[in-house]
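One structure is given here, and the rest of the page talks about it.
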Amino acid sequence: MKQLAIFLFAALVGATAQAAEYKIDTKGAHAFIQFRIKHLGYSWLYGRFDDFDGSFFYDDKAPEKSTVNVNIDVTSLNSNHAERDKHLRGSDFLDVAKFPTATFKSTAFESLGEGKAKLSGELTLRGVTKPITIDVTEIGGGKDPWGGYRQGFTGTTEFALKDFGIDYNLGPASQKVEMILDIEGVKI
Amino acid sequence: MSARNSDNQYGWVAIVLHWLMAPAIIGLFALGWWMRQLSYYDPWYRQGPELHKSVGILLLGLLLFRLLWKLINPSPAAEPKTPRWQSLAARMAHGAIYLLLLAIMCSGYLISTADGRAIEVFGWFSLAATIQGIPNQEDIAGQVHEVLAWCLMALVVLHALAALKHHFIDRDATLRKILGLGAKPVSDKPLSQPQESLTTTK
Chain L
1 MKQLAIFLFA
11 ALVGATAQAA
21 EYKIDTKGAH
31 AFIQFRIKHL
41 GYSWLYGRFD
51 DFDGSFFYDD
61 KAPEKSTVNV
71 NIDVTSLNSN
81 HAERDKHLRG
91 SDFLDVAKFP
101 TATFKSTAFE
111 SLGEGKAKLS
121 GELTLRGVTK
131 PITIDVTEIG
141 GGKDPWGGYR
151 QGFTGTTEFA
161 LKDFGIDYNL
171 GPASQKVEMI
181 LDIEGVKI
Chain X
1 MSARNSDNQY
11 GWVAIVLHWL
21 MAPAIIGLFA
31 LGWWMRQLSY
41 YDPWYRQGPE
51 LHKSVGILLL
61 GLLLFRLLWK
71 LINPSPAAEP
81 KTPRWQSLAA
91 RMAHGAIYLL
101 LLAIMCSGYL
111 ISTADGRAIE
121 VFGWFSLAAT
131 IQGIPNQEDI
141 AGQVHEVLAW
151 CLMALVVLHA
161 LAALKHHFID
171 RDATLRKILG
181 LGAKPVSDKP
191 LSQPQESLTT
201 TK
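Same order as they appear, the protein sequences are chains L and X. Using UniProt numbering, read the first sequence as starting at 1 and increasing by one per residue. Using UniProt numbering, read the second sequence as starting at 1 and increasing by one per residue.
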């Protein structure tokens, strides 16, 4: 009975999320910045950036006020193949020696209802800043078992490599890269 | 010709090692430089690095044998008229070439094995990874590999120029010794020596 009471209390608090600032939980690795690009048009190649940090503001009563800021250490690229990673970090692709950091700063958040949204923002990658739009789905939020409060989203976007100054020819099927973004924030 | 070196002459093992490795080393430098510029759709995009790695590993084996061979053989003395500082500089340059070769091969190995993958040598055998997981290992090893390769090429040019200087200006037998043409000094006669010079003067 007591446990049920605690559960109900927790569920109630969980359901009444307030406007709050969240730190993206990279410390506990509950956030992933992944990309995928077609290999020759025959399969998907996946990679990710292991080191990044960021925060977001979210108010489920006024989602349009949401903002997100993320900094990515581009040198942490990992596609599970050292020689490929070296090439991707080199000047043919991300040129991380010159541009070690990528950033995303949101400019607008448009709620589409049912937990869907469009997040607009500026992505700076390889020294080029371009507007991108991320299709966002809210996964969930609420109390965690350790006294914190969490909120999580998933998002996808895609852009052409050329838009960010990468013109190495990987073939006609590999002009665009998709980003698959999963973030879980812990309320600060 | 003897297999082993003498005090004034190289044996055929040292000579074969030198002339087997010299073109391989220069060839690997050229291949390494060229293959990095290949487009993704070039047939050599995959073959180039595979050849580079395979030859590199075999070269490492040859280098280790060569150093062992050097250790258990006398080194032919410098030509009598060579100034002391020159023979000292030559010894230092030779030592630096060996060290650079070793460092370049190790750094190359550390690039390709940074993720735990082994290096395939012509599909004949593979060399397993050992040190891995250093942050950005492949990038650091790659930079070391490139910078040291250029240093090596600078020394190779110096080495070749020094050999030519001995042959054409000092007119001594330095170059002839590593060609297996014997220790007979080049006379004032025309430079190309007939086969008779295979017999050595002591």
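Built from N, CA and C at the ideal position, the CB exists for glycine as well.
Query	Result
Simplified DSSP assignment, three categories, for L/Gln34	strand
Neighbouring residues, chain L, relative to X/Ala114 (Cβ below 9 Å)	Ala82, Glu83, Asp85, Lys86
Check whether X/Leu152 and X/Leu110 have beta carbons under 9 Å apart	no
C-beta contact flag for X/Ala141 and X/Ala118 at 9 Å	no
Other residues of its chain near X/Asp188: CB distance less than 7 Å, five sequence neighbours each side excluded	Low per-residue confidence applies at X/Asp188: pLDDT is 49, beneath 50, and the placement is therefore not dependable, though the value from the model is reported in the following sentence. So the list is empty, once near-sequence residues are dropped.
9 Å Cβ cutoff, X/Arg117 in contact with chain L	yes
Sufficient close CB pairs (3 or more, under 8 Å) joining the region 43-55 of chain L to the region 11-23 of chain X	no
Proximal residues of chain L, C-beta to C-beta of X/Ser107 below 7 Å	Result: empty, since nearest Cβ-Cβ is about 12 Å, beyond 7 Å.
Within chain L, the residues that X/Asp139 reaches when beta carbons sit closer than 7 Å	Lys86, Arg89
Beta carbon of L/Ser66 nearer than 9 Å to that of L/Ser106	yes
Chain L within 9 Å of X/Asn8, Cβ atoms only	no
Where L/Leu123 falls, given that 16 or more other Cβ within 10 Å makes a residue buried	buried
X/Asp7 classed as buried or exposed, judged by whether at least 16 other C-beta atoms fall within 10 angstroms	exposed
Three-pair Cβ contact test at 8 Å for the region 23-30 of chain L versus the region 71-78 of chain L	no
L/Phe104 beta carbon less than 9 Å from that of L/Tyr168	no
Beta-carbon neighbours of L/Gly171, restricted to chain X and to distances below 9 Å	Tyr40, Tyr41
Cα-Cα separation, X/Val38 to X/Trp44	The sequence as given places Leu at residue 38 of chain X; Val does not occur at that position. Taking the straight line from one Cα to the other gives about 7 Å.
Cβ-based burial, X/Met105 [other Cβ within 10 Å; buried from 16]	buried
Residue range of the beta strand (DSSP E) that includes L/Tyr58	52-58
X/Pro135 in three-state terms, based on DSSP	coil
Any chain X beta carbon closer than 9 Å to L/Tyr168	yes
Buried versus exposed call for residue 215 of chain X [16 or more other C-beta atoms within 10 Å across all chains shown]	Any answer about residue 215 of chain X is impossible in this case: the structure gives chain X only from 1 up to 202.
C-beta contact flag for X/Asp172 and X/Glu79 at 9 Å	yes
Three-state secondary structure assigned by DSSP to L/Lys61	coil
Residues within the region 119-138 of chain X neighbouring chain L, beta-carbon criterion of under 8 Å	Asn136, Gln137, Glu138
Chain-ordered chain X contacts of L/Thr26 [CB-CB under 9 Å]	The contacting residues do not exist; L/Thr26 stays about 16 Å from chain X at best.
Endpoints, the alpha helix (DSSP H) within which L/Tyr46 is located	Careful: L/Tyr46 lies outside any alpha helix (DSSP H), inside the beta strand (DSSP E) at 43-49.
Segment contact, 8 Å Cβ cut-off, at least three pairs: the region 21-30 of chain X with the region 81-95 of chain X	no
CB of X/Ile15 within 9 Å of CB of X/Gly180, strictly	yes
Partners in chain X for L/Thr75, counting only beta-carbon separations shorter than 8 Å	Asn136, Asp139
Buried versus exposed, by CB contacts within 10 Å (16 or more), L/Val136	buried
Run of the alpha helix (DSSP H) containing X/Lys70, from where it starts to where it stops	44-71
Own chain residues within Cβ distance below 7 Å of X/Leu67, not counting five before or after	Tyr98
Cut-off 6 Å between Cβ atoms - residues of its own chain near L/Asp144, not counting five sequence neighbours on either side	Arg150
Cutoff 9 Å: X/Pro49 Cβ touching any chain L Cβ	yes
L/Leu123 - containing beta strand (DSSP E), residue span	116-125
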